[in-house]
Amino acid sequence: MSIRETIKRYLFFIFGLFLMAVGVALSTRSNLGTSPISAVPYVLSLGLPMTIGQFTFFMNLLFIAFQILLLRKQFKWIQLLQIVVAVIFGFFTDFTMGLFSWINVTSYPAQLGLFTLSCLVLALGVSMEVTADVVMMAGEGVVSAISIVTKKGFGKLKVSFDSTLVVCSCIFSFILFHKLNGVREGTILAALLVGTMVRFINKRLSFMDNVFKGELIIANENKNEIVEAVEKTHPRIVVTISREYGSGGLEIARKIADDLGISFYDEQLVKVATEETGFSEEFIVENDQSIYNLLLNEISAQGYAFSKKEKAPLDAIYEVNKKAIMKLANTESCVIMGHCSDSILTGFPGSFHVFIHADKASRMKRIQYEYGILEKDVEETLHKKDKARETYYQIYAKRKWGHIKNYDLTINSATFGIEKTIELIEDAIKAQSNK
């Protein structure tokens, strides 16, 4: 990293710290509480003769000491810069508290609006700090240390850590005031909102790495990343097949690959993800392409937004699968099952995207007798599987699952039967290839 790039990153980081302090100050002026990481210093400052900035500094010192205690020889001494960061952030916090001391909102809608604004400003500051990627804040540093020692996921530990801080702030509040003071619904709102906002902003600030390096090339999100690597003089057939649970899509996909004499990929992508991410095959099989609870997934995933080096498991799996799918499409003719491959390969020369569906009764019958699902569990299993796939697809493909405009062909396997469905799909593939 050049000196110029380092300076840019640290200036960006410091401005991020200032915005974080602004976010904290605005939240306190709303009188609805503050973010979990600032909850303890805020409560203590209300009842003891020290400022929120001073308490923030000393709390961060404790976090740094805990990191050293946990990591010992693994602790990188460059992380002692966290002390300098704690001083700067503590100063910024007290400065902005004075700067916005004139704000006094009394109506609840105004308080809620101010608190929401504070969350947005705080999230922007956090995202700038993460994007700069120079040194962790002490709060994230201690979570990272716990993650290293316990080998638990950073995101879930971050959520647990923030929850612990909220509980501690409640305890201190009852000790000092014999009631809740400084911890309100805004604290919970911040826990739910800020991480989600940071994830959103992180993606929009990804171009900053080029700016730090002095490069003017900015990625175009609308450009297909793989089309430019494909020569039309070397045509391939790349068939992607998505399906409703129990529609026979897997059987159909395998037979099409066999009939066309090309490779079939499904389980192989699981193996690639296992090797690249370090997650167990069982974990990937259970979680890949499925999000069973959107809220719990979002709460868990947002914890990872606070660290550039850590990725939410499903994000990491998707990125690995995406690269693998791109590589396959550029290498050989093949049939690819699911994994948002239709979205990833949108516009890819020679690609043909199929969605297979069937009526509910036919699918229930199929999963009961072919998959061994108990009759009493069939309908619930069907609903859960479809919903999990739909949610996953909407998050990662960013479009509606099963919508006809996303595919070259949608077909009802129950209407035509498996064999006829295969025949119709193959005919359509050949018709497109002959254009």
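Just so we're on the same page, the working numbering is the position in the sequence shown counted from 1, plus 194. Using N, Cα and C, we set each Cβ at its ideal position, and we do this for glycine too.
Item, Value
"Neighbourhood of A413 by C-beta, 7 angstroms cutoff - its chain only, sequence neighbours within 5 removed", "Residue confidence is low: A413 scores 42 on pLDDT, short of 50, so the model does not pin down where it sits. No coordinate-derived value is stated."
"Pick from V279, W296 and G210 that is closest to R223, judged by C-alpha positions", "W296"
"6 angstroms Cβ shell around S363 - same chain, five flanking residues per side excluded", "A233, V234, V237 and V377"
"Segments assigned alpha helix (DSSP H), at least 4 residues, entirely inside the segment 363–395", "none"
"Distance CB(V388)-CB(A280) smaller than 7 angstroms", "no"
"Cβ contact check for the segment 515–535 and the segment 448–461: 3 or more pairs under 8 angstroms", "yes"
"Top-ranked residue by Cα proximity to R593, from D536, V572, T604 and K624", "D536"
"I258 beta carbon less than 7 angstroms from that of A332", "yes"
"Same chain, Cβ closer than 7 angstroms to I342, neighbours up to 5 away in sequence not counted", "L265 and Q268"
"A317 at chain D interface by Cβ criterion, 7 angstroms", "The question asks about chain D, but that chain is absent: this structure has only one protein chain."
"N491 - DSSP class collapsed to helix/strand/coil", "helix"
"Beta-carbon gap between H138 and N606 smaller than 7 angstroms", "A question about residue 138 goes unanswered here, because the residues of the chain that appear run from 195 up to 629."
"Beta-carbon gap between Q276 and G335 smaller than 7 angstroms", "yes"
"Chain-order list of residues whose beta-carbon lies under 7 angstroms from that of I340 (same chain, five-residue window excluded)", "L264 and L351"
"Option nearest E613 by Cα separation, candidates E492, I598, I567 and D453", "D453"
"Sequence-distant residues of its chain with Cβ nearer than 7 angstroms to H428 (five each side left out)", "Bear in mind that the predicted position of H428 carries a pLDDT of just 44, short of 50, making it unreliable; the figure below should be weighed with that in mind. Excluding residues within five positions, none has a Cβ falling inside 7 angstroms."
"H551 - partner residues in DSSP beta bridges", "N606"
"DSSP three-state assignment for I435, whether helix, strand or coil", "strand"
"Between the CA atoms of A219 and F294 - distance to the nearest angstrom", "7 angstroms"
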